[in-house]
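The structure appears below as structure tokens.
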Ligand SMILES: Cc1cc2nc3c(=O)[nH]c(=O)nc-3n(C[C@H](O)[C@H](O)[C@H](O)COP(=O)(O)OP(=O)(O)OC[C@H]3O[C@@H](n4cnc5c(N)ncnc54)[C@H](O)[C@@H]3O)c2cc1C
Ligand SMILES: Cc1cc2nc3c(=O)[nH]c(=O)nc-3n(C[C@H](O)[C@H](O)[C@H](O)COP(=O)(O)OP(=O)(O)OC[C@H]3O[C@@H](n4cnc5c(N)ncnc54)[C@H](O)[C@@H]3O)c2cc1C
Ligand SMILES: Cc1cc2nc3c(=O)[nH]c(=O)nc-3n(C[C@H](O)[C@H](O)[C@H](O)COP(=O)(O)O)c2cc1C
Ligand SMILES: Cc1cc2nc3c(=O)[nH]c(=O)nc-3n(C[C@H](O)[C@H](O)[C@H](O)COP(=O)(O)O)c2cc1C
Ligand code: FES
Ligand code: FES
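Residue numbers (our numbering), protein chains in the order written: chain V, 603 to 869; chain W, 603 to 869; chain H, 27 to 329; chain Y, 27 to 329.
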């Protein structure tokens, strides 16, 4: 069930360099959204662009959801400038959700703005009391807002070595996989295409189960425009939308895909 | 000399129903602009429309000018929301200016948003100690912000009779003209097209000298697009821009035209 | 809302949703009372299933967007099996948009649809999709081919037959007259304009097929001009579309000569826009003492 | 800014200002260092003075505007007397845009300009103005007429001869090839698109001549597509224009195949935009280690 809901802005905070978290009171969406799903946002009543701005949900509690975003253009700048009490037009919940974490060690990998859906899954696993590892990649320490805490399975990496592990997310992933039967592991990743592609290829070469949350331009977000395609590795069996046998819709079939299901994370 | 100046917003006040006065610190324009001239405003840095918004200057003092405007659309809404200290991109001074008031009784007629250039002339005549009559027309009392004061030559009219004289601006104009040699009178008017057209026709039929400040859509405001035309009553003598012999440019040849020079105030 | 006459049909609202911009009508049903829409024109269906073009298929532009979906669709047989049953349940008018690459294609597709016994009131024929390499577009630029395609299709159906025109031509009037002569009941104008975009970072085309179709408010003035040209050229009814985003736009299209309108790109941003604008149009009619918005058809005055 | 080669000429900046959008170069001189502009293309001049179309001549649209000025201009004789002397003093390249209604018109206008001894480096020929009833536009839609007009003009001048193309055609490639075969040194693409608007309050056309020319960012994707089509069809240099509003747009046009660009509508809003964007383009070249922006010509990659 998809809702078109007017949400109320509760607060906005800069949680890392140029990265903001906004809490939105959106009862219908908050009650039904699952970790990994996203919402599609009209940044302003006067928005003159054709496309809403899709954002993963980073937390959900009672009637309130939150989003975490980098300010990269006009849409996100408008979001950052929302005032407390503003009403904001949302469509959601959209897309599929993280799954298959029940009896496994979940390794959660987030990078850049891809941290939101990873954080929401992290919260969810916390609530369930599930075992997990959290890996967050960034260019430098200013982009991080979580402590590097390897003892508790929380790894930060930075390209410049200014915090945590110097290098990319594959380093802590390898550490986390040491002495573990990969049959009992599942990786969940969301981040910049290059990072996800590295994780994807590694997961395939090592035979690790791995789900990736992709991003692409979206005109609608609910399966109508057919604009948000990802190419499948091989043709899929005919589904309700049989014309999707070569291309999946990131908004409906995704945003989460199995690593071996898709051709590439570069869309 | 036309300037493209970044002005600083000093204050904005609602002076009548939905009518705002904003003061802008704009030293170059303030030092050179004359009553009747206008500026062309970029309402916001992110303005995605092609046309600036032209506004007459309502006052000028030291380094500060003011504009008076009704909020009628996106541009004026943005203006009304300018914050103190914002910088605003202006082009000006533009157009010609009120003239010929030296040895005459000036009768100033303003209506609707056309009050701004009339008020500026009024101030100017005050400074010069010149004799004058001020007539302001509106639909109802909420649009007025000056007291009806016939003894001192200040007349308010309203269409609904809620303030001053019940009727249009021609009523007080006729009163003001009683017992006066029309050779010694000059009318200066700015307002909605219907009001100006009534004044124009009356002035022609009575043989009264009368200048009118017109409004039209403007793409540039400084004589380049040729979009802002008014049709002349008869072909004008060839000027620097001889192709203007049938059509005048409101932005350069105007906004002020003699009543008998033009075909109509409905542009 | 008083209904609007269109040929022999009555539309409860003059606001339809455009092909390719509303799927098969059920995708939005949790957000929108789909039956309140004047009519649903389904995504172009072709004889065989088409997987569509590789990504990227869309790009954002000033007040518009580019697309090159490549007519991704399930094919007419699967359409009859899986889409028609749901469409048959709708209480709004359904018009099936068909596309093809040769006359035979179109005819066969239409025949299969005719024999499927749907409740749809007619067909809109896409002869103007600029994103398919093998053809389709060639019909849209030739008056003669448009006429012969129209007359072949005319033979196969007594339902509403609407030809959808392309603006990417020197004279849309010629094509419109071709369709009228071929026996079309009505014309839709316009499809998208040919556009392009380049990602300056990667230096790659923004759209996989290089050229895509431009839609949205950016093209509204062009769409209006084309609707008015078509209005002057033919006697059959017209469905106007291209960039409609507010009730004022709808009134402009009707004043320009349209009988009905379609909303396209704006559906993505606001799935319920056709319902909202129908309400606003009702208010407009009431405020302006119009018994029907049709009273305004073609009333725009020349200066 | 390293200069840009264009045929036999060097342009100090690849950013020119478009005909009809910068007057005769002196109107903005108190606001802008006009000599910093890569080149000024003056408002179309015709054999006889033209008073232009009655108002209203312009209207605002989503990310664009409509205009129908009707080639208001002083006529070529007065132009030589009052405009050329000032233009001769400029330290930027001046290109004179001419318009007409028949081959003879164009030829005579060109001859008068040639004999006036201006410092201008060439001519841009407007065969694509959609707002003049008597003609002009007919050239722009016919490859044959374009070819013969070009070759007649070619005989009269050894200065740069640029034909300015219309997008309102089925195949801009054909017209481009016609101009190339006729001996044009270069092509400008594009002029405005035919558009329309209606004032729903008065129910009158927004533009006096019903149809006007649509310009501004709204048409940029269409302009880019046309520039790229022309680039693939001819070997002569191209000046790209249509909706340019930022440095990214300029880079897109050059990647699509343009050698130079023109800024049109945006000059009205920001008279100094061509200077500002030249600076930004300089920075871009430096940041990307380009010796000249020309290195990017036509480099857009297909997917
Ligand atoms: C399913 C999904 C979930 C997302 N979740 C998040 C999130 O949690 N946090 C976050 O910061 N960002 C997220 N994004 C990306 C986010 O949508 C873009 O950053 C945003 O749309 C940029 O808008 P803008 O107007 O500020 O920037 P623009 O100026 O429009 O663009 C800046 C950059 O963002 C990219 N972009 C623009 N629109 C989109 C779009 N619709 N989809 C993807 N990329 C786009 C452009 O390619 C460009 O490079 C998500 C995208 C998708 C598809
Ligand atoms: C020389 C001149 C002086 C002016 N002085 C004043 C003034 O002192 N105070 C004031 O309130 N208004 C003045 N105007 C009118 C003012 O420019 C418009 O009200 C304003 O542009 C509306 O902008 P908007 O975006 O808020 O409304 P829009 O939504 O753009 O338009 C609302 C209405 O305003 C009209 N309009 C829009 N743009 C223009 C334009 N460029 N020129 C004329 N009309 C336009 C439209 O036709 C429409 O009916 C003046 C206009 C001119 C030409
Ligand atoms: C993503 C997308 C897909 C489209 N698919 C089709 C299609 O399958 N068949 C068709 O006839 N038109 C299709 N169109 C064109 C629209 O129906 C419409 O003619 C065009 O977008 C102009 O209207 P608009 O500006 O309101 O969107 C599509 C448009 C878009 C944006
Ligand atoms: C008001 C106006 C007047 C114009 N006059 C002319 C003209 O006289 N001759 C000409 O060749 N093009 C003329 N043009 C077209 C522009 O030169 C340019 O081709 C077109 O506007 C597209 O570029 P833009 O989107 O950057 O404005 C005019 C455009 C506008 C907006
Ligand atoms: S965004 Fe429209 S189908 Fe996915
Ligand atoms: S507004 Fe451009 S010439 Fe007057």
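Just so it is clear, CB atoms sit at the ideal spot from N, CA and C, and this is done for glycine as well.
Query raised in the report: When we look at the beta-carbon of residue 770 (chain V) and count the other beta-carbons within 10 Å, is it buried (16 or more) or exposed?
Result: Taking the first residue of the first chain as 1, we reach residue 770 (chain V) at position 168. Classification for residue 770 (chain V): buried.
Query raised in the report: Closest by CA to residue 762 (chain V), which one among V:780, V:772, V:741?
Result: The residue labelled residue 762 (chain V) in the question sits at position 160 within the first chain. Checking every option, the nearest Cα to that of residue 762 (chain V) belongs to V:741.
Query raised in the report: Is residue 315 (chain H) near residue 43 (chain H), with beta carbons less than 8 Å apart?
Result: On the third chain, residue 315 (chain H) is found 289 positions in, with the first residue counted as 1. On the third chain, residue 43 (chain H) is found 17 positions in, with the first residue counted as 1. Contact: no.
Requested in this report: Figure out for me which residue from W:606, W:635, W:608 has the closest Cα to the Cα of residue 722 (chain W).
Outcome: As a first step, residue 722 (chain W) must be located in the second chain, where it is residue number 120. The residue among W:606, W:635, W:608 with its C-alpha nearest the C-alpha of residue 722 (chain W) is W:635.
Requested in this report: State the start and end residues of the unbroken beta strand (DSSP E) segment that holds residue 285 (chain Y).
Outcome: Taking the fourth chain and counting its residues from 1, the one referred to as residue 285 (chain Y) is at position 259. Segment: none, residue 285 (chain Y) is in no beta strand (DSSP E) and carries neither H nor E.
Query raised in the report: Do residue 672 (chain V) and ligand 1 come close, with the Cβ less than 7 Å from some heavy atom?
Result: Your numbering for residue 672 (chain V) matches position 70 in the first chain. Correct: residue 672 (chain V) has its Cβ closer than 7 Å to ligand 1.
**Report entry** Where residue 726 (chain W) falls, given that 16 or more other Cβ within 10 Å makes a residue buried
**Finding:** Residue 726 (chain W) sits at position 124 when you count from the first residue of the second chain. So residue 726 (chain W) counts as buried.
Query raised in the report: Quick one: which chain V residues come within Cβ less than 9 Å of residue 105 (chain H)?
Result: Reading the third chain from its first residue, position 79 is the one you call residue 105 (chain H). The premise fails here: residue 105 (chain H) is roughly 10 Å from chain V at the closest Cβ pair, so nothing lies under 9 Å.
Query raised in the report: So does the segment 106-121 of chain H actually touch the segment 85-98 of chain H, counting three or more Cβ pairs closer than 8 Å?
Result: no
**Report entry** Those residues which DSSP pairs with residue 214 (chain Y) across a bridge
**Finding:** By one-based count along the fourth chain, residue 214 (chain Y) stands at place 188. DSSP, once it has assigned bridges, lists Y:190, Y:265 as partnering residue 214 (chain Y).
Requested in this report: Give the DSSP bridge partners of residue 759 (chain W), in chain order.
Outcome: The residue labelled residue 759 (chain W) in the question sits at position 157 within the second chain. Answer by DSSP bridge pairing, in chain order: W:739, W:767.
Query raised in the report: Would you call the segment 809-820 of chain W and the segment 275-292 of chain Y touching, i.e. three or more CB-CB distances under 8 Å?
Result: The segment 809-820 of chain W and the segment 275-292 of chain Y do not touch, with fewer than 3 CB-CB distances between them shorter than 8 Å.
Query raised in the report: At which residues does the beta strand (DSSP E) containing residue 691 (chain V) begin and terminate?
Result: Counting from one through the first chain, the residue named residue 691 (chain V) turns up at place 89. Residue 691 (chain V) -> beta strand (DSSP E) spans 689-696.
Report task. Have a look at V:800, V:760, V:701, V:696 and flag the residue whose alpha-carbon is nearest the alpha-carbon of residue 640 (chain V). Result -> Residue numbering aside, residue 640 (chain V) sits at position 38 when the first chain is read from its first letter. Among V:800, V:760, V:701, V:696, the Cα nearest to that of residue 640 (chain V) is on V:696.
Query raised in the report: Looking at C-beta atoms only, is the number of pairs between the segment 735-755 of chain V and the segment 705-713 of chain V that lie closer than 8 Å three or more?
Result: Yes: the two stretches touch, three or more of their Cβ pairs being nearer than 8 Å.
Query raised in the report: Taking Cβ positions only, does residue 650 (chain W) come closer than 8 Å to chain B?
Result: Looking for chain B here will not work: the only protein chains present are V, W, H and Y.
**Report entry** chain H contact residues for residue 605 (chain V), given Cβ-Cβ distances below 8 Å
**Finding:** Your numbering for residue 605 (chain V) matches position 3 in the first chain. Within chain H, the residues near residue 605 (chain V) are 56, 57.
Query raised in the report: residue 828 (chain W): buried (16+ other C-beta within 10 angstroms of its C-beta) or exposed?
Result: The count along the second chain starts at 1 and reaches residue 828 (chain W) at position 226. Buried is the call here.
Query raised in the report: What three-state label does DSSP hand residue 75 (chain H) in the structure shown?
Result: Start at 1 with the first residue of the third chain, and residue 75 (chain H) comes out as number 49. Reduced to three states, the DSSP call for residue 75 (chain H) is coil.
Report task. With residue 222 (chain H) as the anchor, note down where its beta strand (DSSP E) starts and where it stops. Result -> Position 196 of the third chain, counted from the start, is the residue given in the question as residue 222 (chain H). Start and end: 219-222.
Query raised in the report: What do you get for residue 652 (chain W), buried or exposed, if any count of 16 or more other CB atoms within 10 angstroms of its CB means buried?
Result: For the purposes of this step, residue 652 (chain W) is taken as the residue at position 50 of the second chain. Taking every protein chain shown into account, the CB of residue 652 (chain W) has 16 or more other CB atoms within 10 angstroms, so this residue is buried.
Query raised in the report: Does the Cβ-Cβ distance between residue 126 (chain Y) and residue 135 (chain Y) come in under 8 Å?
Result: Within the fourth chain, numbered from 1, the residue matching residue 126 (chain Y) stands at position 100. Within the fourth chain, numbered from 1, the residue matching residue 135 (chain Y) stands at position 109. Closer than 8 Å, so yes.
Report task. Using three-state DSSP, classify residue 275 (chain H) as helix, strand or coil. Result -> As a position in the third chain, residue 275 (chain H) is number 249, starting the count at 1. Residue 275 (chain H) falls in the helix class under three-state DSSP.
Query raised in the report: So, are the CB atoms of residue 190 (chain H) and residue 154 (chain H) less than 8 Å apart?
Result: Within the third chain, residue 190 (chain H) is the residue found at index 164, counting from 1. Within the third chain, residue 154 (chain H) is the residue found at index 128, counting from 1. Contact: yes.
**Report entry** Selected residue, minimal CA-CA separation from residue 67 (chain H), among H:123, H:96, H:81
**Finding:** Within the third chain, numbered from 1, the residue matching residue 67 (chain H) stands at position 41. Per the C-alpha coordinates, the member of H:123, H:96, H:81 positioned closest to residue 67 (chain H) is H:123.
Report task. Name, please, each residue of chain W whose Cβ falls closer than 8 Å to the Cβ of residue 134 (chain Y). Result -> Mapped onto the fourth chain, residue 134 (chain Y) falls at position 108. The premise fails here: residue 134 (chain Y) is roughly 18 Å from chain W at the closest Cβ pair, so nothing lies under 8 Å.
**Report entry** Where residue 648 (chain V) sits in the DSSP three-state scheme
**Finding:** Locating residue 648 (chain V) in the first chain gives position 46, counting from the first residue. Of the three classes helix, strand and coil, the one that applies to residue 648 (chain V) here is coil, per DSSP.
Query raised in the report: Mind checking residue 731 (chain W): buried by the 16 CB within 10 Å criterion, or exposed?
Result: Within the second chain, the letter at position 129 stands for residue 731 (chain W). Residue 731 (chain W) is exposed by the Cβ-count criterion.
Report task. Give the straight-line distance between the Cα atoms of residue 755 (chain W) and residue 778 (chain W), rounded to the nearest whole angstrom. Result -> Locating residue 755 (chain W) in the second chain gives position 153, counting from the first residue. Locating residue 778 (chain W) in the second chain gives position 176, counting from the first residue. Straight-line Cα distance between these residues: approximately 8 Å.
Query raised in the report: What is the DSSP secondary structure of residue 659 (chain V), counted as helix, strand or coil?
Result: Here residue 659 (chain V) refers to the residue found at position 57 when the first chain is read from its first residue. Under the three-state reduction of DSSP output, residue 659 (chain V) falls in the coil class, being neither helix nor strand.
Query raised in the report: Does at least one heavy atom of ligand 1 sit under 7 Å from the Cβ of residue 632 (chain W)?
Result: Here residue 632 (chain W) refers to the residue found at position 30 when the second chain is read from its first residue. No, Cβ of residue 632 (chain W) sits at least 7 Å from all heavy atoms of ligand 1.
Report task. Name, going along the chain, the residues of the segment 276-304 of chain H whose beta-carbon falls closer than 9 Å to a beta-carbon of chain V. Result -> 291, 292, 293, 294, 295, 296, 297, 298
Query raised in the report: Which residues, in chain order, does the segment 806-826 of chain V contribute to contact with chain H at a C-beta distance below 9 Å?
Result: 818, 819, 820, 821, 822, 823, 824, 825, 826
**Report entry** Residue of H:64, H:311, H:223, H:35 minimising C-alpha distance to residue 326 (chain Y)
**Finding:** Here residue 326 (chain Y) refers to the residue found at position 300 of the fourth chain. Of H:64, H:311, H:223, H:35, the residue nearest in Cα terms is H:223.
Query raised in the report: Can you give, in chain order, each stretch of the alpha helix (DSSP H) that sits fully within the segment 605-650 of chain V and has at least 4 residues?
Result: With a minimum length of 4 residues, the continuous alpha helix (DSSP H) runs that stay inside the segment 605-650 of chain V are 629-634.
Query - Close beta carbons around residue 775 (chain W), own chain, < 8 Å, minus the five adjacent residues each side - result: As a first step, residue 775 (chain W) must be located in the second chain, where it is residue number 173. Hits under 8 Å: 709, 711, 737, 789, 801, 804.
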